[in-house]
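First to last, the protein sequences are chains D and Y. Per this note's numbering, the first sequence starts with residue 124, numbered consecutively. Per this note's numbering, the second sequence starts with residue 124, numbered consecutively.
There are 2 protein chains.
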Amino acid sequence: MAIAEPRFTRDLPEVRKRKLIEATAQCLAEFGHAGTSVRAVAAKANVSPGLVAHHFKGIDDLIVATYGHVGERVAEALTAAMDSAPEDSESKLRAFIEASFKPPVLDRDLLAIWLSFWSLVRRDPGVRKVHKKVYADYRRRLEELIADITAARRIKIDVHLAALGFTAMLDGLWLELCLDPTTFSRDDALRIAHAWVDDLVAGGFRALGIRRG
Amino acid sequence: MAIAEPRFTRDLPEVRKRKLIEATAQCLAEFGHAGTSVRAVAAKANVSPGLVAHHFKGIDDLIVATYGHVGERVAEALTAAMDSAPEDSESKLRAFIEASFKPPVLDRDLLAIWLSFWSLVRRDPGVRKVHKKVYADYRRRLEELIADITAARRIKIDVHLAALGFTAMLDGLWLELCLDPTTFSRDDALRIAHAWVDDLVAGGFRALGIRRG
DNA sequence: GCCGTTGTTGTACAAGTGTATAATAGCGGG
DNA sequence: CCCGCTATTATACACTTGTACAACAACGGC
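What follows is the structure, given as C-alpha cells:
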C-alpha cells in the first residue's frame, strides 16, 4: 500500500504568493477582469479560497502584485535586449524596439493584466503611485538613449518631449497590436518605430525644438 | 390634497435605453468596471433591476452600447472641429489634434468606458468586430488627411504606415494623459502632435518610404 | 520522537449577482 | 371614458462573491 501523499504542501509565504500571482495572471488572461475573483484564483492555484485572503488583502491587491511581477519581467526582457546589443545608444534603442514587439512583451495575456491594472489606477492612490513610477522609469530609459543619440550628432531637440512622443507611439502600437493583430502587423509596427529612429538620427524632428522658457 | 404623482413614467424603448446607457457611463466612471453591475446601473437610473434585463441582454451588452454611444459623440466632436477649420487638410489635421486633447475627448470618464470595452474585445467576437470598424474609420480619416497633405507637397511616403504611427501616438498620449495628468501636460501633448505635423509638412519622415513590393 | 508554529483547509454566513416571473400601472387609441 | 398594450415593478430564486472562523496538518526545531 502506497504512502498517502500529503493533502497539501506548505510553502514559504513568498513562494505561495508567487504561485497565486501566476494563477491571477492566468485568470485575467482566460476570464478577464470580470471573471477574476478570489475564488477563481484559488481554484486555478489548486488552493482553498481562504488562503488567498490570508496572503493578500483582496483581489485588487493581487492584481497590483501581478502587475508588479509581470512588469519586472517585461523590464528584464527589455533590459536583456539592450544589454546584448552593441554599445552605441542607437543600437540599444533599436534593440528596445525589437524586444517591444515580440513575446513576452507583445502578448495578449499581458494586455489583459495591463487593462485590469489601468482600471484600478483611478480609484486607488497606491496603484496610481506604482503606475507613475513604472512609467517614469520606462520613459527615463528611453530619454537617456535619445539624449545620447542627439547629443552625439549635435541635434538640438527637446529630448523630454521626444521621449514622451516616442513612448506614446510605442504604447499605442503595442496596445492596438495586442487588441487586434489583424489590422496591421508586427512588421508594420517595427517599420514605423525604426523609421522614427531613422528620422531622429537624420536630424529630423526639427519641430521639436528646445523647450522655450 | 395633491394629486399623487405617478410611481414611474413610461418611456419609448429608445429613450429608456439611452438613459440606461448614460447611467452605465456614470457607473463606469464612478465605480469602474468591477462596480458596474445590472443593479448598480438600475439604481443610478432610478429604475428597477429587471428593467435593464428587459432592454439589454446583460451588462456586457450595455457596455458595448455605451461604447457605441460615446464613441459617436467623440466622432462628432472631432468631425465638428474639422468642419469648422479652414478647408486645407493641414488645418483640418491640426483641428483634429486640438479636439483630441480637450473635453469631451480628453476625459477620464471616457477612458473608464474605453478600458471596459477593451477588456471585452478579446472574448466577444461581436465586440471585436465593432472595435475593428471604429478604429478602421478613425485611421481612414487621418490617412486621407495625411495623403492630401503629402500629395500636395510631392512628398513620397507610405501614408498608411504614417497614419498608423500617428494614430498610435495620439492614442498613447491620450491614454497616458487620462491615466495620469500630472506627469506631462495637455500642452506637451499638443506640442508633440503638432511637431509631428510640422515635420510631415517639412518633408520629414523620409524613412517612411513608399512600401516596397 | 514529540511539539509548537503557522500555513492551510473546510465550512459557514451575509451580501451581492443575474435573471425569471407574475402583478402593476402608465398612456395612447378607440 | 374605458380598454389593451407593454413598459415597468416587485419579488423570488439560485448562484457567486468576500471574508471570518475553528480545526487541521505539514514541517522545522529540539
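We put the beta carbon where it would ideally sit given N, CA and C, even for glycine.
Note the first and the last residue of the continuous alpha helix (DSSP H) segment covering residue i.
i: Thr189/Y; result: 182-206
i: Arg162/D; result: 161-167
i: Arg141/Y; result: 136-154
i: Leu229/D; result: Leu229/D -> no alpha helix (DSSP H), and no H or E assigned at all.
Taking 8 Å as the threshold (C-beta atoms), are residue j and residue i in contact?
i: Leu229/Y; j: Arg309/Y; result: yes
i: Met292/D; j: Ala222/Y; result: no
i: Val187/Y; j: Ala176/Y; result: no
i: Arg262/D; j: Leu287/D; result: yes
i: Glu391/Y; j: Val320/Y; result: Nothing can be reported for residue 391/Y: it is not among the residues displayed for chain Y, which extend from 124 to 336.
i: Leu331/D; j: Ala285/D; result: yes
i: Phe328/Y; j: Ile280/Y; result: yes
i: His156/Y; j: His178/D; result: no
i: Leu296/Y; j: Ala275/Y; result: no
i: Asp294/Y; j: Leu298/D; result: yes
i: Tyr258/D; j: Thr306/Y; result: yes
Would DSSP call residue i helix, strand or coil?
i: Asp247/Y; result: coil
i: Leu331/Y; result: coil
i: Glu210/Y; result: coil
i: Arg285/Y; result: Per the sequence presented here, residue 285/Y reads as Ala, with Arg not at that position. Reduced to three states, the DSSP call for Ala285/Y is helix.
i: Asp271/Y; result: helix
i: Arg277/Y; result: coil
i: Ser223/Y; result: helix
i: Leu323/D; result: helix
i: Asp303/D; result: coil
i: Ser308/Y; result: coil
i: Ser239/D; result: helix
i: Val170/D; result: coil
i: Ala157/D; result: coil
i: Thr290/Y; result: helix
i: Arg263/D; result: helix
i: Arg133/D; result: coil
i: Leu296/D; result: helix
i: Ala318/D; result: helix
With distance defined between alpha-carbon atoms, name the residue in the options nearest to residue i.
i: Arg251/Y; options: Leu302/D, Lys215/D, Phe307/D, Phe154/D; result: Leu302/D
i: Ala168/Y; options: Asp322/Y, Thr132/Y, Asp206/Y, Arg277/Y; result: Thr132/Y
i: Pro227/Y; options: Leu216/Y, Val324/Y, Ala204/Y; result: Ala204/Y
i: Ala146/Y; options: Phe289/Y, Asp232/Y, Ala275/Y, Val257/Y; result: Asp232/Y
i: Glu266/D; options: Lys256/D, Trp237/D, Leu216/D; result: Leu216/D
i: Arg264/Y; options: Ala165/Y, Phe289/Y, Gly249/Y; result: Phe289/Y
i: Ala208/D; options: Glu199/D, Leu201/D, Ala200/D, Ala218/D; result: Ala218/D
i: Leu151/D; options: Pro129/D, Pro136/D, Leu185/D, Asp134/D; result: Leu185/D
i: Arg246/D; options: Gly173/Y, Phe224/Y, Lys256/Y, Glu153/Y; result: Glu153/Y
i: Pro304/Y; options: Val324/D, Lys255/D, Lys140/D, Leu135/D; result: Lys255/D
i: Asp260/D; options: Arg139/D, Ala166/D, Glu199/D, Leu143/D; result: Glu199/D
i: Ala165/Y; options: Lys180/Y, Asp183/Y, Leu143/Y, Gly181/Y; result: Leu143/Y
i: Pro351/Y; options: Gly326/Y, Thr189/Y, Leu174/Y; result: Within the shown structure, residues of chain Y are numbered from 124 to 336, placing residue 351/Y beyond reach of any answer.
i: Thr189/D; options: Pro248/D, Arg141/D, Ser171/D; result: Arg141/D
i: Leu300/Y; options: Trp241/D, Val170/D, Phe224/D, Asp206/D; result: Trp241/D
i: Asp183/Y; options: Gly326/Y, Pro248/Y, Ala325/Y; result: Pro248/Y
i: Asp134/D; options: Val170/D, Glu195/D, Phe224/D; result: Val170/D
Under 8 Å by Cβ, that's how I've got residue i and residue j pegged, so tell me the actual separation to the nearest angstrom.
i: Ile220/D; j: His317/D; result: 6 Å
i: Asp148/Y; j: Val193/Y; result: It is Ala, not Asp, that sits at residue 148/Y in the sequence shown. That belief holds up - the Cβ atoms of Ala148/Y and Val193/Y are roughly 6 Å apart, short of 8 Å.
i: Ile236/Y; j: Leu323/Y; result: Contact doesn't hold; Cβ gap of about 31 Å is too wide.
i: Val253/Y; j: Gly191/Y; result: 7 Å
Heavy atom of the ligand ZN less than 7 Å from the Cβ of residue i, yes or no?
i: Pro248/Y; result: With respect to small molecules bound, the structure shown includes none, and the ligand ZN cannot be examined in it.
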